[in-house]
Amino acid sequence: MSAPTQGGGHASAAHNPIRMYIGIFVALTVVTLFEMLPLFGIVNLPGALLLGLSALKFVVVCSFFMHLWGDHPVFSRLFYIPLAMVILTVMALMSMFGSWTLAYRTTERGTDTEEVAARYRGVWEGECNAWVKSAFTGNEYCSSPWVAFSTDAAYAALQQPVADIPEFAGWDTKTPDEKQAVLMAVGEGVYNTNCGACHQATGLGLPTVFPPLANDPMVAGPAEAHIGVVLKGMSGVAINGVSYASAMPAWPQLSDQQIAAIVTYERNSWGNKSGMVEPAQVAALR
Amino acid sequence: MGVDNYKLAMWTFLGSECFFFGSLIGTYMSYRGKSLTGPYPLDVFDPAVTSISTFDLLASSLFMVLAVHYAKAGEINKMLGWVAATMVGGLIFLGFQYYEFSHFVHEGLTLKSNLFGATFYVLTGFHGTHVAVGVLLLGSLAWSAKRGHLANIGETTEVIGLYWHFVDVVWIVIFTLVYLLEYT
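As they're listed, the protein sequences go chains A and B.
The opening position of the first sequence corresponds to residue 1 in our numbering, with each subsequent residue numbered one higher.
The opening position of the second sequence corresponds to residue 1001 in our numbering, with each subsequent residue numbered one higher.
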């Protein structure tokens, strides 16, 4: 049976298959060495080129080491048809998750720019919301609430500086009750857009991941501390004896009016009753 | 169809393996860049280790194809030598993976530290498991061949070789998607 089957049967190379195998190995090695140049910072290669070379190596190994080339076509069909379905599935998944661009944030920050840029070579050039220091490596990581943003466009829309919110017109002439009503109405929207993804619309967070804002000592305490957490972020603090896995990002990109609205909303929802915060108080703490 | 039954079975299995690794790769790629906290890929990756294990697996594919060639030519001693070389290549790869994993864990990347850790360990861990299974298959092949238990050494070696090369091409994909793309 061994003679007629001749799985590696390959007319052109039949006279010296070993030379062909070694030649293919050398070619694969050269391509791999070329691909590795970016690993060592020698040359930058575009991702599309790397994917193309990878596909080329894949097909060469299948064709010549696995002998699909010249073998019975049923083997190629059994392999390449599922492979094509898998590639389409992976691409569909990546589209659903908005994963076509690398989302690690690159940013400019003080003197660490080069180091940070070298570490997070993402395509995104936006602000980093929060810097978290790893207890393990001592490195700082950019922590952004990615769960909230399915696409870069959605994130960019939130980054737009908000000038004056119409509801705040004639602020100084309003009565305290009118001010509170405006802050609560605006605050609910801003909260659900920016904060609700982690702290949840219920204000209950997620156990051990995102802290709750209902019955929270910080929300019940002085407004200055509360505003400070929104403006500057927070991490590594146990709340009511519970440690949380995620860092609170800083939100300096939000306007004074928006932050005043968020804080007021948080201080007067889910059973909280801690009074109103004015935009001027936020401005004073920036 | 006049083709070897075991070979047909192996190709069918490899087609299903495409779906298996496709689901893991799809998960990795979907969650790529979405970790809330570090360590991130570039914090932990070691280009030297990855390069060496990539070449090691590539070389083992050459050894495997030579083993198949000599098995079909009936030169059993040469075949056994190349099978042993292939197994050594697989074991070296597993050694580097152990080194890499323990290094990463030391740096704070675990299965549950972030999305990157969860998807990375599951994907590369299952690939490593496949390498380990391949080493065991090659070991039992060499054992049976040496004891003279195999009637059709050529076909058996070829079928196990298909599995080995598949594990190698999966690494070609992982190497590109998981490692190389971080450096573009």
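Virtual Cβ for every residue (Gly too), placed ideally from N, Cα, C.
Problem set entry | Cutoff 8 Å: PHE1093 of chain B Cβ touching any chain A Cβ | Taking the first residue of the second sequence as 1, we reach residue 1093 of chain B at position 93. Judged by the 8 Å Cβ criterion, PHE1093 of chain B is not in contact with chain A.
Problem set entry | Whole alpha helix (DSSP H) elements within the region 1064–1146 of chain B, 4-residue minimum | As summarised for the region 1064–1146 of chain B, the continuous alpha helix (DSSP H) elements at least 4 residues long and confined to that stretch are 1076–1106, given in chain order.
For this session: Report whether the distance from the Cβ of LYS232 of chain A to the nearest heavy atom of the ligand NAD is below 7 Å.
Result: Although the ligand NAD was asked about, the structure shown includes no ligands whatsoever.
For this session: For chain B, find out if any of its Cβ atoms is closer than 8 Å to the Cβ of CYS62 of chain A; answer yes or no.
Result: The residue given as residue 62 of chain A occupies position 62 in the first sequence. At least one CB atom of chain B sits nearer than 8 Å to the CB of CYS62 of chain A.
Problem set entry | Proximity test, Cβ basis, 8 Å: SER1051 of chain B and chain A | The count along the second sequence starts at 1 and reaches residue 1051 of chain B at position 51. Yes, SER1051 of chain B counts as interfacial toward chain A.
For this session: Starting from the C-beta of TRP1082 of chain B, find all residues in its chain whose C-beta is less than 8 Å away, skip the five residues before and the five after it, and write them out in chain order.
Result: The sequence position of residue 1082 of chain B within the second sequence is 82, counting from 1. Only PHE1063, MET1064, LEU1066, ALA1067, TYR1070 meet the Cβ criterion.
Exercise. For ILE168 of chain A, which residues of its own chain have a beta-carbon under 7 Å away from its beta-carbon, when the five flanking residues on both sides are left out?
Worked result: In the first sequence, counting from the first residue as 1, residue 168 of chain A sits at position 168. The question names Ile, but residue 168 of chain A is Phe in the sequence shown. Cβ within range, chain order: VAL182, GLN257.
Exercise. What residue from B:THR1124, B:GLY1033, B:THR1027 has the CA that sits closest to PHE1104 of chain B's CA?
Worked result: Position 104 of the second sequence, counted from the start, is the residue given in the question as residue 1104 of chain B. Looking at the Cα atoms, B:THR1124 is the closest of the given residues.
Exercise. Got a sec? Which residues, its chain only, sit under 7 Å from TYR1031 of chain B by beta carbon, not counting five neighbours each side?
Worked result: Looking up residue 1031 of chain B in the second sequence gives position 31. The answer, listed in chain order, is LEU1115, THR1119.
Exercise. With C-beta atoms as the reference, is GLY187 of chain A less than 8 Å away from THR264 of chain A?
Worked result: Residue 187 of chain A sits at position 187 when you count from the first residue of the first sequence. Residue 264 of chain A sits at position 264 when you count from the first residue of the first sequence. Yes. Within cutoff.
Problem set entry | Secondary structure of MET234 of chain A, DSSP reduced to three states | Taking the first sequence and counting its residues from 1, the one referred to as residue 234 of chain A is at position 234. Strand.
For this session: Verify the CB distance criterion: does VAL1173 of chain B have a CB-CB separation below 8 Å to chain A?
Result: Within the second sequence, numbered from 1, the residue matching residue 1173 of chain B stands at position 173. Closer than 8 Å: yes.
Exercise. If you count every other CB in all the chains shown that lies within 10 Å of the CB of THR1156 of chain B, and 16 or more means buried, which is it?
Worked result: To locate residue 1156 of chain B, count along the second sequence from 1; it is residue 156. Buried.
Exercise. Does any CB atom of chain B fall closer than 8 Å to the CB of ASN44 of chain A?
Worked result: Along the first sequence, one-based indexing puts residue 44 of chain A at 44. Yes, because at least one Cβ of chain B sits closer than 8 Å to the Cβ of ASN44 of chain A.
For this session: Per DSSP, which residues does VAL242 of chain A bridge with? Please list them.
Result: Within the first sequence, residue 242 of chain A is the residue found at index 242, counting from 1. VAL242 of chain A is bridged to A:ILE239.
Exercise. When DSSP labels each residue in this structure, what does LEU45 of chain A get in the three-state scheme?
Worked result: Residue mapping note: residue 45 of chain A aligns to position 45 of the first sequence, counting from 1. If DSSP states are grouped into helix, strand and coil, LEU45 of chain A belongs with coil.
Exercise. Cα-Cα, which of A:ARG19, A:MET66, A:MET276, A:GLU35 is closest to THR175 of chain A?
Worked result: Within the first sequence, residue 175 of chain A is the residue found at index 175, counting from 1. Checking every option, the nearest Cα to that of THR175 of chain A belongs to A:MET276.
Exercise. Cα separation between SER274 of chain A and SER1113 of chain B?
Worked result: Stepping through the first sequence from its first residue, residue 274 of chain A is reached at position 274. Stepping through the second sequence from its first residue, residue 1113 of chain B is reached at position 113. So the two alpha carbons sit approximately 35 Å from each other.
For this session: May I ask you to list, following chain order, the residues of the region 78–92 of chain A that have a beta carbon less than 7 Å from some beta carbon of chain B?
Result: LEU78, PHE79, PRO82, LEU83, VAL86, THR89, VAL90
For this session: With 8 Å as the threshold, decide whether the Cβ of TRP1011 of chain B is near any Cβ in chain A.
Result: On the second sequence, position 11 is the one that residue 1011 of chain B refers to. Interface residue, yes.
Problem set entry | Cβ neighbours of ALA1048 of chain B in the same chain (closer than 6 Å, five flanking residues each side left out) | Residue mapping note: residue 1048 of chain B aligns to position 48 of the second sequence, counting from 1. Residues of the same chain with a CB within less than 6 Å of the CB of ALA1048 of chain B, apart from the 5 flanking positions on each side, do not exist.
For this session: Using DSSP bridges, identify the partner residues of MET365 of chain A.
Result: Residue 365 of chain A lies beyond the range of chain A shown here (1 to 286); nothing can be said about it.
Exercise. If you draw a straight line from the alpha carbon of GLY1002 of chain B to that of VAL1169 of chain B, how long is it in whole angstroms?
Worked result: By 1-based counting over the second sequence, the position of residue 1002 of chain B is 2. By 1-based counting over the second sequence, the position of residue 1169 of chain B is 169. Each residue's CA atom was taken as its position, placing GLY1002 of chain B and VAL1169 of chain B some 27 Å apart.
Problem set entry | Chain-ordered chain C contacts of VAL74 of chain A [CB-CB under 9 Å] | Of the protein chains in the structure, A and B, none is chain C.
Exercise. Quick one: Cα of LEU1057 of chain B to Cα of HIS67 of chain A, how far?
Worked result: As a working note, residue 1057 of chain B is residue 57 in the second sequence. As a working note, residue 67 of chain A is residue 67 in the first sequence. Their Cα atoms are separated by approximately 18 Å.
Exercise. If you compare alpha carbons, which of A:ALA261, A:GLY41, A:ILE22 is closest to GLU178 of chain A?
Worked result: Counted from its first residue, the first sequence places residue 178 of chain A at position 178. Cα-wise, what sits closest to GLU178 of chain A is A:ALA261.
For this session: Put PHE1166 of chain B into one of helix, strand or coil per three-state DSSP.
Result: If you number the second sequence from 1, residue 1166 of chain B lands on position 166. PHE1166 of chain B falls in the helix class under three-state DSSP.
Problem set entry | Element boundaries [alpha helix (DSSP H), containing TYR265 of chain A] | Along the first sequence, one-based indexing puts residue 265 of chain A at 265. Its alpha helix (DSSP H) spans residues 256–267.
For this session: Could you work out which residue in A:TRP171, A:LEU28, A:ILE165, A:LEU206 is closest to THR1054 of chain B when comparing CA atoms only?
Result: For the purposes of this step, residue 1054 of chain B is taken as the residue at position 54 of the second sequence. Checking every option, the nearest Cα to that of THR1054 of chain B belongs to A:LEU28.
Exercise. Hey, does SER1030 of chain B have any beta-carbon neighbour from chain A nearer than 8 Å?
Worked result: For this step, residue 1030 of chain B is matched to residue 30 along the second sequence. It does: the Cβ of SER1030 of chain B has a partner Cβ on chain A nearer than 8 Å.
For this session: Could you tell me which residues DSSP puts in a beta bridge with PHE210 of chain A?
Result: As a first step, residue 210 of chain A must be located in the first sequence, where it is residue number 210. The partner list for PHE210 of chain A (beta bridge, DSSP) reads A:LEU206.
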